[in-house]
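Here is the structure we will look at, set down as structure tokens.
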Amino acid sequence: MTTINSNIRKVYKKIKEYQQIIIARHVGPDPDAIASQIALRDSIRLTFPEKECFAVGLGVSKFKYYGILDKIENEKYDNSLLIVLDCPNLHRIDGIENLKYKEIIKIDHHPSEDIKGDVDWTDETSCSTCQMIAELVLKSPLKFDTKVAGNLYLGIVSDSDRFLLPYTTTKTFRIIADLIDKSKVDFPSLYSYLYDRSLDEVKFQGYIAENLAVTENGLGYLVIPAQIIKKYNVDLATPSNLINNFNYIKEVIVWTFITEDAKNKSYKVSIRSHGPIINKTASKFNGGGHKYASGARLNNEEEINDFIKALDADCEEYKRASISNIN
Ligand code: AMP
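For what it's worth, this note's numbering labels the leading residue of the sequence shown as 2, then goes sequentially.
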């Protein structure tokens, strides 16, 4: 078995070896994806100023605090090392069209899918990709400053949902303590970058609470039409940003928001669970993700109905198994 330390050694060796390094992550980025990508780029630039190192993919204006992404001509970088963060599937990597990289490194905390890295550091026990990058910069000669540390801190806080999710471990806290000690980052001042939101968004959260349907088996679900997104002046990513706020509802063990994406004529789906494993069902509906936090894509009402039925069956099965475990 490859140990974490040997993965760190291998990743560092490859970074040292290559002159051109491109860092990518999944489409529709969240703070963990963006923060890990920009933190690693900035750490490599601090350590090796002579290297050409870029973070690619579509920028998201609400994440501009983390740093600006690079616009490059991919065709010019066919001798590059590609580092993919927070993304297990090739088709969900953002911004690498026409890039003929030489080798690929994957660093990710999702279950493995089709990307097989020349160096493949996959750690499903890690709460976030930022936790892995924090470990990398702490345990290798890569340099970091308060900005890099702050980005990594925000990614960890965000993906662990403020340390509420079960894959938060003592290791998470040790890494964070080390990161703060060594960088002296003023972490309490950073929370507004994650948690500031508009009154429209708060009202939209009220709409979700008012309209969430809950089945007997404990599935909470809501189909959100495009005109509601427009009415509340929010965007397609907002339901995913709010979904963790619906944790700890006694009657709900799995909950999902199915949001109409009028532009792509499909539905963007976010799913969370505090019991049943949901990524198997997600993968049957053009999706995937973690055991308890997944996403999917649906094309029409029929698929929506099938998807809700499948998730409800997961809840039923989980409840039945829990009851038979007690007896
Ligand atoms: P979200 O609900 O958008 O925050 O996504 C939760 C998790 O599921 C993240 O780890 C995503 O990377 C993953 N995910 C979301 N949508 C998809 C999809 N269509 N295919 C595979 N994984 C997805």
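A virtual CB, placed ideally from N, CA and C, is assigned to each residue, including glycine.
Starting from the C-beta of residue i, find all residues in its chain whose C-beta is less than 6 Å away, skip the five residues before and the five after it, and write them out in chain order.
i: G276; result: I254, Y319
i: L143; result: S44, T48
i: I309; result: Y222
i: V28; result: R93, D95
i: C54; result: I22, R42, I45, R46
Enumerate in chain order the residues of its own chain whose CB-to-CB distance from residue i is below 7 Å, with the five nearest sequence positions on each side excluded.
i: Y233; result: D201, K204, F205, Y208
i: Y19; result: S81, L82
i: Y67; result: I35, A36, I39, N152
i: H291; result: H111, N280
i: Y78; result: Q21, I23, L100
Thinking C-beta only, is residue j closer than 8 Å to residue i?
i: N280; j: S295; result: yes
i: V149; j: V158; result: no
i: I9; j: L86; result: no
i: K15; j: V120; result: yes
i: D124; j: I5; result: yes
i: P89; j: S113; result: yes
i: N248; j: L195; result: no
Closest to residue i by C-alpha separation, out of the options, would be which residue?
i: L237; options: N248, T282, S193, R298; result: R298
i: A227; options: N245, V215, T260; result: T260
i: I408; options: D79, S184, L70; result: Nothing can be reported for residue 408, as the shown portion of the chain is limited to 2 through 328.
i: D115; options: M133, L91, S129, K101; result: L91
i: L191; options: R198, T239, Y154; result: Y154
i: C131; options: N300, A314, S161, L243; result: S161
i: D187; options: T147, R198, T171; result: T147
Given the structure, does residue i come close to the ligand AMP, in the sense that its CB is under 7 Å from one of the ligand's heavy atoms?
i: D31; result: yes
i: R198; result: no
i: I244; result: yes
i: R93; result: yes
i: H27; result: yes
i: S161; result: no
i: A40; result: no
i: G296; result: yes
i: S44; result: no
i: G58; result: no
i: N96; result: Looking at the sequence shown, residue 96 is not Asn but Gly. No.
i: N300; result: no
i: S274; result: no
i: S271; result: yes
i: S241; result: yes
i: N218; result: no
i: G156; result: no
i: G221; result: no
i: N265; result: no
i: G207; result: no
i: N248; result: no
Could you give the distance in angstroms between the alpha-carbon of residue i and the alpha-carbon of residue j?
i: N341; j: S141; result: Since the displayed the chain opens at 2 and closes at 328, residue 341 lies outside it and no answer follows.
i: T216; j: D95; result: 36 Å
i: V270; j: D33; result: 19 Å
i: G156; j: K107; result: 18 Å
i: N212; j: I73; result: 44 Å
i: W122; j: A56; result: 19 Å
i: L312; j: K185; result: 45 Å
i: S193; j: F258; result: 25 Å
i: Y293; j: I272; result: 8 Å
i: K117; j: A283; result: 21 Å
i: F64; j: T173; result: 23 Å
Nearest chain B C-beta to residue i closer than 8 Å, yes or no?
i: Y168; result: Reference to chain B is not applicable here, since this structure consists of a single protein chain.
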